[in-house]
Amino acid sequence: MNRPPLKALTSTDHSGGAPAPDGENAIEARNLKKIYRSANGGEGAHALKDFSLAIPRGSIFGLLGPNGAGKSTFINILAGLVLKTSGEASIWGFDIDRNPRKARVSIGIVPQELNIDPFFTPADLLDLQAGMYGVPKAERRTAEILAALGLTSKADAYARTLSGGMRRRLLVAKAMVHNPPILVLDEPTAGVDV
Numbered sequence: 048m049n050r051p052p053l054k055a056l057t058s059t060d061h062s063g064g065a066p067a068p069d070g071e072n073a074i075e076a077r078n079l080k081k082i083y084r085s086a087n088g089g090e091g092a093h094a095l096k097d098f099s100l101a102i103p104r105g106s107i108f109g110l111l112g113p114n115g116a117g118k119s120t121f122i123n124i125l126a127g128l129v130l131k132t133s134g135e136a137s138i139w140g141f142d143i144d145r146n147p148r149k150a151r152v153s154i155g156i157v158p159q160e161l162n163i164d165p166f167f168t169p170a171d172l173l174d175l176q177a178g179m180y181g182v183p184k185a186e187r188r189t190a191e192i193l194a195a196l197g198l199t200s201k202a203d204a205y206a207r208t209l210s211g212g213m214r215r216r217l218l219v220a221k222a223m224v225h226n227p228p229i230l231v232l233d234e235p236t237a238g239v240d241v
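Take the sequence shown: its letters are residues 48 to 241, numbered as in this note's numbering.
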């Protein structure tokens, strides 16, 4: 299948965020390729084919493309959920293969799917997520993050009682618990109530 290439929109504002040292980017991909194998073991779909980009530190960046263009595949490679076929990628200067832990700690990802355990409260989910990233209890910002995303009144409610938009905001909160320098949102406006 021949799909149009991904397109990128970038707005660079170095007045906020970390300054971009010479040659350092927030995210870099070089000749990234992902081929999904077919069910019979043969070569399947090319989700990414020699995909390269450089996102400067301190920028706001949009990756655009039609369904099936490889946007979520690229994000899932950065998150460590999908293995690339070939190429290189780095997050905040850390190669995802040579230094995966530092690369993953440098990024917070809000997934496209609403994957929240319905039997936990938002406060519990944020504390659990912070613990998974090794954030000491004394340094956790659970209440602050819930307040920033308008979820304070639901902090102790089961996640299954939240509206779709509140669940989406909770995913944003989970991506922020370890205070990463990079935040990636996959389909950020899907199901958000304003």
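We put the CB at the ideal spot given by N, CA and C, even for glycine. Predicted, not measured: the structure shown is a model, and the values here were computed from it.
Item to check | Identified DSSP bridge partners for residue 225 | outcome: The residue you call residue 225 lines up with position 178 of the sequence shown. The partner list for residue 225 (beta bridge, DSSP) is empty, contrary to what the question assumes.
Checklist entry - So what's residue 152 in DSSP terms, helix, strand or just coil? => result Residue numbering aside, residue 152 sits at position 105 when the sequence shown is read from its first letter. Residue 152 falls in the helix class under three-state DSSP.
Item to check | Sub-8 Å separation of residue 138 and residue 125 beta-carbons | outcome: Within the sequence shown, residue 138 is the residue found at index 91, counting from 1. Within the sequence shown, residue 125 is the residue found at index 78, counting from 1. The Cβ atoms of residue 138 and residue 125 sit closer than 8 Å to each other.
Next on the checklist: Any contact between the stretch 133-149 and the stretch 216-223? By contact I mean 3 or more CB pairs, one from each, below 8 Å.
Outcome noted: These segments do not touch.
Item to check | Environment of residue 162 [buried if 16+ CB atoms lie within 10 Å] | outcome: Reading the sequence shown from its first residue, position 115 is the one you call residue 162. Within a 10 Å sphere around the beta-carbon of residue 162 sit fewer than 16 other beta-carbons, which makes this residue exposed.
Checklist entry - Taking only beta-carbon atoms, is residue 169 less than 8 Å away from chain B? => result Of the chains in the structure shown, none is chain B; there is only one protein chain.
Next on the checklist: Less than 8 Å between C-beta atoms, sequence neighbours within five positions excluded: which residues of the same chain meet that for residue 229?
Outcome noted: Looking up residue 229 in the sequence shown gives position 182. 73, 74, 138, 139, 153, 154, 155.
Next on the checklist: Rounded to whole angstroms, what is the Cα-Cα separation between residue 165 and residue 117?
Outcome noted: In the sequence shown, residue 165 corresponds to position 118, counting from 1. In the sequence shown, residue 117 corresponds to position 70, counting from 1. Taking the straight line from one Cα to the other gives about 29 Å.
Item to check | residue 157 (DSSP reduced to helix, strand or coil) | outcome: Residue numbering aside, residue 157 sits at position 110 when the sequence shown is read from its first letter. Residue 157 carries a strand assignment under DSSP once its states are collapsed to helix, strand and coil.
Item to check | Reduced DSSP secondary structure (H/G/I, E/B, other) of residue 219 | outcome: Walking along the sequence shown from the start, residue 219 turns up at place 172. It is helical.
Checklist entry - Residues in its own chain within less than 8 Å of residue 78 by CB, not counting five upstream and five downstream? => result Counting from one through the sequence shown, the residue named residue 78 turns up at place 31. Here residue 78 has 97, 98, 99, 133, 134, 135 as same chain residues with Cβ atoms under 8 Å from its own Cβ, once five neighbours each way along the sequence are excluded.
Next on the checklist: Using 8 Å as the threshold, is the C-beta distance between residue 176 and residue 224 below it?
Outcome noted: Here residue 176 refers to the residue found at position 129 of the sequence shown. Here residue 224 refers to the residue found at position 177 of the sequence shown. Going by C-beta atoms, residue 176 is nearer than 8 Å to residue 224.
Item to check | Span of the alpha helix (DSSP H), counted from its first residue to its last, around residue 102 | outcome: Translated into positions along the sequence shown, residue 102 becomes position 55. Residue 102: not part of any alpha helix (DSSP H); member of the beta strand (DSSP E) spanning 93-103, first to last residue.
Checklist entry - So, residue 147 versus residue 178, is the Cβ gap smaller than 8 Å? => result If you number the sequence shown from 1, residue 147 lands on position 100. If you number the sequence shown from 1, residue 178 lands on position 131. Not a contact, by the Cβ cut-off of 8 Å.
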